[in-house]
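Trainee:
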Amino acid sequence: MKLFASSSARREAKWAYAFISPWILGLVVFTAFPIIASLLLTFFSAQLTGDSRNFTFVGLDNWARFFSDEKAWAALGVTLRFMLLSLPVGLFIPLMVAILLNSKALIAPGLFRVLWFLPYVIPFVAGVVAWRGVLGQDGPVNGVLHLLGVENPPFWLNDIGWIYPALVLMGIWGIGSAIIVYLAGLGGVPTELYEAATVDGAGWWSSFRHITLPMITPVIFYNLVLGIAGSLQYFLVPFVVNGGNGTPGGSTLFFNILQYKTFFSYQDPGYGSVLAWVLFIVTLFFSLVLFGTQRRWVYYAGETK
Amino acid sequence: MTTMATVGKDGLTGAERKEAKHRKTTRRRILTTFVVAILTFVFFAPIINLFSSSLKDPDQAVATGAPIWPARPKSITVGTETYTIYKVPLEDGTVKEFALIKSGRQQSTLADPLDLTKTFVWKGSWRTLENVWEFSFAIGNYGAVWKLINFPQLLFNTIVIAIVGTIGTVLSCTLVAYGFARFRFPGRDRLFQVMVATIFIPGTVTLIPTYILFLNLGWIGTWLPLLVPTFVANAFDVFLMRQYFLTIPREHDEAAQIEGASPMEILRKVIIPQSWPVIVAVTIFHFVYSWNDYFGPLIYLATKPELQPLGVGLNRFSGIYYTRAGYVEAATILTLIIPVILFIAFQRYFVRGVVVTTGLDK
Numbered sequence: 010m011k012l013f014a015s016s017s018a019r020r021e022a023k024w025a026y027a028f029i030s031p032w033i034l035g036l037v038v039f040t041a042f043p044i045i046a047s048l049l050l051t052f053f054s055a056q057l058t059g060d061s062r063n064f065t066f067v068g069l070d071n072w073a074r075f076f077s078d079e080k081a082w083a084a085l086g087v088t089l090r091f092m093l094l095s096l097p098v099g100l101f102i103p104l105m106v107a108i109l110l111n112s113k114a115l116i117a118p119g120l121f122r123v124l125w126f127l128p129y130v131i132p133f134v135a136g137v138v139a140w141r142g143v144l145g146q147d148g149p150v151n152g153v154l155h156l157l158g159v160e161n162p163p164f165w166l167n168d169i170g171w172i173y174p175a176l177v178l179m180g181i182w183g184i185g186s187a188i189i190v191y192l193a194g195l196g197g198v199p200t201e202l203y204e205a206a207t208v209d210g211a212g213w214w215s216s217f218r219h220i221t222l223p224m225i226t227p228v229i230f231y232n233l234v235l236g237i238a239g240s241l242q243y244f245l246v247p248f249v250v251n252g253g254n255g256t257p258g259g260s261t262l263f264f265n266i267l268q269y270k271t272f273f274s275y276q277d278p279g280y281g282s283v284l285a286w287v288l289f290i291v292t293l294f295f296s297l298v299l300f301g302t303q304r305r306w307v308y309y310a311g312e313t314k
Numbered sequence: 147m148t149t150m151a152t153v154g155k156d157g158l159t160g161a162e163r164k165e166a167k168h169r170k171t172t173r174r175r176i177l178t179t180f181v182v183a184i185l186t187f188v189f190f191a192p193i194i195n196l197f198s199s200s201l202k203d204p205d206q207a208v209a210t211g212a213p214i215w216p217a218r219p220k221s222i223t224v225g226t227e228t229y230t231i232y233k234v235p236l237e238d239g240t241v242k243e244f245a246l247i248k249s250g251r252q253q254s255t256l257a258d259p260l261d262l263t264k265t266f267v268w269k270g271s272w273r274t275l276e277n278v279w280e281f282s283f284a285i286g287n288y289g290a291v292w293k294l295i296n297f298p299q300l301l302f303n304t305i306v307i308a309i310v311g312t313i314g315t316v317l318s319c320t321l322v323a324y325g326f327a328r329f330r331f332p333g334r335d336r337l338f339q340v341m342v343a344t345i346f347i348p349g350t351v352t353l354i355p356t357y358i359l360f361l362n363l364g365w366i367g368t369w370l371p372l373l374v375p376t377f378v379a380n381a382f383d384v385f386l387m388r389q390y391f392l393t394i395p396r397e398h399d400e401a402a403q404i405e406g407a408s409p410m411e412i413l414r415k416v417i418i419p420q421s422w423p424v425i426v427a428v429t430i431f432h433f434v435y436s437w438n439d440y441f442g443p444l445i446y447l448a449t450k451p452e453l454q455p456l457g458v459g460l461n462r463f464s465g466i467y468y469t470r471a472g473y474v475e476a477a478t479i480l481t482l483i484i485p486v487i488l489f490i491a492f493q494r495y496f497v498r499g500v501v502v503t504t505g506l507d508k
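Protein chains in written order, with the numbering used here: chain A, 10 to 314; chain B, 147 to 508.
(1) Anything in the segment 343-365 of chain B with a Cβ closer than 8 Å to a Cβ of chain A? List those residues in chain order, please.
(2) Along the beta strand (DSSP E) that carries Q380 (chain A), what are the first and last residues, could you check?
(3) Give every residue of the same chain whose Cβ lies closer than 6 Å to the Cβ of F433 (chain B), excluding the five residues on either side of it in the sequence, and list them in chain order.
(4) Taking 8 Å as the threshold (C-beta atoms), are T356 (chain B) and P31 (chain A) in contact?
(5) What's the call for V150 (chain A), buried or exposed, on a 16-neighbour Cβ count within 10 Å?
(6) The beta strand (DSSP E) with V267 (chain B) in it runs from where to where?
(7) Check distances from the C-beta atoms of the segment 53-77 of chain A to those of chain B and list, in chain order, the residues that come in under 9 Å.
(8) DSSP has K23 (chain A) in a bridge; who is on the other side?
(9) Compare the C-beta of A212 (chain B) against all C-beta atoms of chain A and say whether one is closer than 8 Å.
(10) For the alpha helix (DSSP H) holding T352 (chain B), just list the boundary residues, first then last.
(11) With F326 (chain B) and F338 (chain B) assumed to form a contact (beta carbons below 8 Å), what rounded beta-carbon distance in angstroms separates them?
(12) Give every residue of the same chain whose Cβ lies closer than 8 Å to the Cβ of D78 (chain A), excluding the five residues on either side of it in the sequence, and list them in chain order.
(13) Give me, in chain order, the residues of the same chain whose beta-carbon lies closer than 6 Å to that of I412 (chain B); leave out the 5 immediate sequence neighbours on both sides.
(14) Per the contact definition of three or more C-beta pairs closer than 8 Å, is the segment 177-185 of chain A in contact with the segment 93-102 of chain A?
(15) Could you say which of B:V428, B:A427, B:F391 lies nearest to R414 (chain B) if we only look at CA atoms?
(16) Could you spell out where the beta strand (DSSP E) holding I169 (chain A) opens and where it closes?
(17) Using the C-alpha atoms, what's the distance from G457 (chain B) back to Q252 (chain B)?
(18) Please return the same chain residues whose Cβ sits closer than 6 Å to the Cβ of G99 (chain A), not counting the five positions on each side in sequence.
(19) Which partner residues of F189 (chain B) appear in the DSSP bridge assignment?
(20) Using a Cβ-Cβ distance cut-off of 8 Å, determine whether W268 (chain B) contacts chain A.
(21) Distance, Cα to Cα, Y243 (chain A) vs S271 (chain B)?
(22) Could you check if L300 (chain B) is buried or exposed, using at least 16 other CB atoms within 10 Å of its CB as the buried criterion?
(23) What is the rounded straight-line gap between the Cα of V106 (chain A) and the Cα of A139 (chain A)?
(24) Would you verify that the beta carbon of G457 (chain B) is, or is not, closer than 8 Å to some beta carbon of chain A?
(25) For the segment 186-219 of chain A, which residues have a beta carbon sitting closer than 8 Å to at least one beta carbon of chain D?
(26) So what's Y203 (chain A) in DSSP terms, helix, strand or just coil?
(27) When the Cα atoms are used, what is the spatial distance from Q268 (chain A) to S249 (chain B)?
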C-alpha cells in the first residue's frame with residue numbers, strides 16, 4: 010500500500026506532524042508514560058525517600074491489599090453516598106435556574122446570566138472561606154434559621170448529619186458552567202415547536218414535559234457525564250474544609266483523599282497507584298453504563314438511524 | 147376593522163383586552179425578575195458576607211449583640227477622654243442612649259451624650275448594658291494582610307505562573323489545532339479521537355508517575371512542573387480551537403497558498419487574524435484556570451512557601467489566622483478580585499467558550 014499519493018501529500022503530512030508535534034510529545038511524556046508506569050507501579054513496592062529509589066516487585070500484593078482494606082472500601086462508600094446526594098442537586102438546580110434565566114418575562118437576562126456564572130471563576134479556596142463564613146455556628150445561615158424558629162441550628166461543618174448538605178451547598182457555586190450549557194440547550198429548541206403546542210392548547214407544564222425536556226436530553230446527558238466524573242474525583246473542597254483528615258467521623262474521607270494520603274503522606278506509590286486504578290475502573294464502569302443507556306433516553310435531533 | 151371594537155364574552159372591547167394583557171405581562175415581568183433577583187441575592191450571600199466580614203474590626207467578631215454589617219461601638223470623645231455609649235433601660239421602661247462616665251459593678255455614672263455635664267447615677271451592672279453600633283469600615287485588615295502574607299510576593303508568583311502558562315497554552319494549542327484542522331495526514335482522525343479520549347483520563351491515574359518523573363528531574367520545589375506541560379498543548383483547548391478553525395472558509399487559505407504563502411504564513415496571516423474570539427477565550431480560560439489552580443502548586447511547591455501562588459498561600463494563611471476575624475476574609479477578597487474583574491471584562495468570550503466545548507453550537 011502506498012501511504013502517500015503524491016509528494017505534495019507527503020509535504021502536507023510533514024507540515025501537519027510538525028504542527029501537532031508538541032501534543033505528540035505531551036501524549037508520550039505526560040499521558041502514555043504515566044499510565045503505563047502507574048499500571049506497572051501497582052505490582053511494585055516502591056520507596057522514594059531521599060536520594061534512594063527502591064523498587065521491589067511484589068506481584069499482586071498491592072491489589073490483594075485493596076480487597077481486604079476496609080478503609081478503602083469505606084472511602085469508596087463515602088464517595089458514592091455523596092454522589093447520590095450531590096448529583097441530583099447538581100443536575101436539577103442549574104436546570105431550574107437556566108429555565109428562569111431563559112424566561113422571556115425576565116428583565117435584564119444578560120446581567121443575571123453573568124452574575125450566575127461569576128462564582129465559577131472564584132478560586133475555590135476563596136469559595137470555601139466564603140461558605141465557611143455563612144455556615145459558621147453563629148453565621149448568617151444559622152441566624153436566619155434562628156429567626157425561623159429553629160432552636161438548635163446545626164454545626165454544619167462539624168456535624169456528621171450536615172456536612173454533606175454543607176458540601177453540596179458549596180458545590181452550588183460551581184454551577185455556572187452547567188447553567189450556560191443548559192441555556193445553550195434551551196435556546197436550541199425550535200420555537201415552532203412551542204408555537205405548535207400553544208395552538209394545540211398545551212400549558213406550560215405540558216410544553217416543558219413533552220418538548221423542552223426531550224429536546225434538552227443531550228445537555229442533561231452531558232452534565233450527567235461530567236457530574237459523575239466530577240463527584241468520583243471529589244477532592245479539593247473536603248481537602249481544604251477539613252484538612253483531609255476525614256472529620257467529622259470519617260464522613261469526608263473521600264476516595265481521592267485516601268489516594269492522595271497514601272502517596273503523599275504514607276509514601277506508598279505502589280498502593281497509591283492501585284487506588285488510582287480502582288477509581289479509574291469505577292469511573293469507566295459508570296461511563297459505560299451511562300453511554301449504554303444513552304440510546305433509550307437521549308434524543309439527538311440530527312440523528313440518522 | 148369591526149372586530150377591534152366588538153365586545154367579547156368577557157364584556158371587554160379589544161382595546162381593553164389588549165390593555166389588560168399588557169398589564170398582565172408587565173406584572174409577570176416584574177414578578178419573574180423579582181424572584182430571580184431574590185435567588186441571585188441568596189446565591190451571592192456568601193460573597194456579600196465575606197466582603198462585609200473583611201471590613202469588620204476584630205472586636206466586633208467577639209462582641210455579643212453586634213450587627214452583621216461592619217460596625218464599631220459608638221462612642222464620643224471629649225478632649226482626651228473617650229466615652230462609650232450604651233443602651234440603658236430606664237425605670238420608666240424606656241431605653242435611651244447614654245455615655246458611660248464611670249463604670250461600677252453596682253452602680254455607674256452615666257451622662258447625656260449631647261451634654262456630658264448632665265450626669266446621673268444608674269443602678270445595675272454596666273456589663274449588662276448593650277453597645278450602640280455605628281457603621282464603620284476597618285480597612286486596616288487589608289493593609290495588615292497585605293504585609294502579613296507578603297501579598298506582593300504571592301501576587302507576583304501567581305501572575306508569572308499564569309502568564310507563562312497562558313503563553314505556553316495559547317502557542318502550543320494554536321499550532322496543534324491548526325495541524326488537526328487544516329491538513330490531511332495518515333492517522334489524523336485516529337489521533338484526534340485519542341486526543342479527545344485523553345480528556346476523560348482522571349488526573350489521579352497519571353499523578354504518581356508524573357510526580358516521580360518531576361522528582362527525578364529535580365523539578366519539585368520549582369515552577370517547572372506547572373509551566374513546562376503547558377507548552378505541549380492540552381486536549382481541551384486544542385479541541386476548542388480546532389472547532390473554531392474549522393468554521394473559517396478554506397478558500398482564504400487557498401488564495402494565500404496560490405500566492406506562495408507557506409503553512410506558517412497562512413496560520414499567521416489568515417487563520418489567527420480571524421480567530422481572535424477563540425484565542426481570547428483560551429487565554430482567559432487558562433489564565434483563570436492557572437490563577438485558581440490549587441492542587442498543582444500544593445504538591446509541587448509544598449516545601450517552598452516563597453514560590454507559592456495566592457490559592458495555596460491563602461489556605462496556609464487561613465490555617466494560622468483563622469481566629470483573627472477579618473484577616474482571612476480580607477486575604478480572600480484580595481485573592482478573588484482579579485479573576486472576577488477579568489471575568490466581568492471578558493464575560494462574552496467565557497460564555498461562548500463554555501458553549502463551544504459542549505459541541506452544541508457546531
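Think of the CB as a built atom: it goes at the ideal place given N, C-alpha and C, for glycine as much as any other residue.
Mentor: In this structure, then:
(1) Here the close residues are T344, F346, I347, P348, G349, T350, V351, T352, L353, I354, P355, T356, Y357, I358, L359, L361, N362.
(2) Nothing can be reported for residue 380 (chain A), as the shown portion of chain A is limited to 10 through 314.
(3) Here the question's residue 433 (chain B) lines up with position 287 in the second sequence. Cβ-Cβ distances below 6 Å link F433 (chain B) to A308, T312 in the same chain, with the five nearest sequence neighbours on each side left out; the list follows chain order.
(4) As a first step, residue 31 (chain A) is located in the first sequence; it is residue number 22 there, counting from the start. As a first step, residue 356 (chain B) is located in the second sequence; it is residue number 210 there, counting from the start. If you check the CB distance, P31 (chain A) and T356 (chain B) do not come in under 8 Å.
(5) Numbered from 1 along the first sequence, position 141 holds the residue referred to as residue 150 (chain A). By the Cβ-count criterion, V150 (chain A) is buried, with 16 or more other Cβ atoms from all chains shown falling within 10 Å of its own Cβ.
(6) Here residue 267 (chain B) corresponds to residue number 121 of the second sequence, with the count starting at 1. Taken as a continuous stretch (DSSP letters only), the beta strand (DSSP E) holding V267 (chain B) covers 261-269.
(7) Against chain B - using a Cβ distance shorter than 9 Å - the residues of the segment 53-77 of chain A are A55, L57, R62.
(8) Taking the first residue of the first sequence as 1, we reach residue 23 (chain A) at position 14. In the DSSP output, where bridge partners are listed per residue, K23 (chain A) has none listed.
(9) For this step, residue 212 (chain B) is matched to residue 66 along the second sequence. A212 (chain B) has a beta carbon lying at 8 Å or more from every beta carbon in chain A.
(10) Indexing the second sequence from 1 puts residue 352 (chain B) at position 206. In the DSSP assignment, T352 (chain B) falls within the unbroken alpha helix (DSSP H) covering 349-363.
(11) On the second sequence, position 180 is the one that residue 326 (chain B) refers to. On the second sequence, position 192 is the one that residue 338 (chain B) refers to. Indeed, because the Cβ distance is near 6 Å, the residues count as touching under 8 Å.
(12) By 1-based counting over the first sequence, the position of residue 78 (chain A) is 69. Answer for D78 (chain A): no residue qualifies.
(13) Residue mapping note: residue 412 (chain B) aligns to position 266 of the second sequence, counting from 1. When the five nearest sequence neighbours on each side are left out, the beta carbons in the same chain lying within less than 6 Å of the beta carbon of I412 (chain B) are those of D399, A402, in order along the chain.
(14) Segment contact: the segment 93-102 of chain A against the segment 177-185 of chain A, three or more CB-CB distances shorter than 8 Å; contact assigned.
(15) Taking the second sequence and counting its residues from 1, the one referred to as residue 414 (chain B) is at position 268. For the residues B:V428, B:A427, B:F391, the minimum Cα distance to R414 (chain B) belongs to B:F391.
(16) Stepping through the first sequence from its first residue, residue 169 (chain A) is reached at position 160. Unbroken run through I169 (chain A): none, as it is neither H nor E.
(17) If you number the second sequence from 1, residue 252 (chain B) lands on position 106. If you number the second sequence from 1, residue 457 (chain B) lands on position 311. Here the alpha carbon of Q252 (chain B) sits roughly 52 Å from the alpha carbon of G457 (chain B).
(18) The residue labelled residue 99 (chain A) in the question sits at position 90 within the first sequence. G236, listed in sequence order.
(19) The count along the second sequence starts at 1 and reaches residue 189 (chain B) at position 43. Its beta-bridge partners do not exist; DSSP assigns none.
(20) Counted from its first residue, the second sequence places residue 268 (chain B) at position 122. Interface annotation, W268 (chain B): not in contact with chain A, CB-CB separation never under 8 Å.
(21) Taking the first residue of the first sequence as 1, we reach residue 243 (chain A) at position 234. Taking the first residue of the second sequence as 1, we reach residue 271 (chain B) at position 125. Y243 (chain A) and S271 (chain B): Cα-Cα distance of roughly 53 Å.
(22) Numbered from 1 along the second sequence, position 154 holds the residue referred to as residue 300 (chain B). Classification of L300 (chain B): buried, given that the 10 Å Cβ count is 16 or more.
(23) Here the question's residue 106 (chain A) lines up with position 97 in the first sequence. Here the question's residue 139 (chain A) lines up with position 130 in the first sequence. Distance between the alpha carbons of V106 (chain A) and A139 (chain A) is about 22 Å.
(24) For the purposes of this step, residue 457 (chain B) is taken as residue 311 along the second sequence, with counting starting at 1. Judged by the 8 Å Cβ criterion, G457 (chain B) is in contact with chain A.
(25) Absence of chain D from the displayed structure is noted, the protein chains being A and B.
(26) As a first step, residue 203 (chain A) is located in the first sequence; it is residue number 194 there, counting from the start. Here Y203 (chain A) sits in helix by DSSP.
(27) Locating residue 268 (chain A) in the first sequence gives position 259, where the first residue counts as 1. Locating residue 249 (chain B) in the second sequence gives position 103, where the first residue counts as 1. When rounded, the distance between both Cα atoms is 60 Å.
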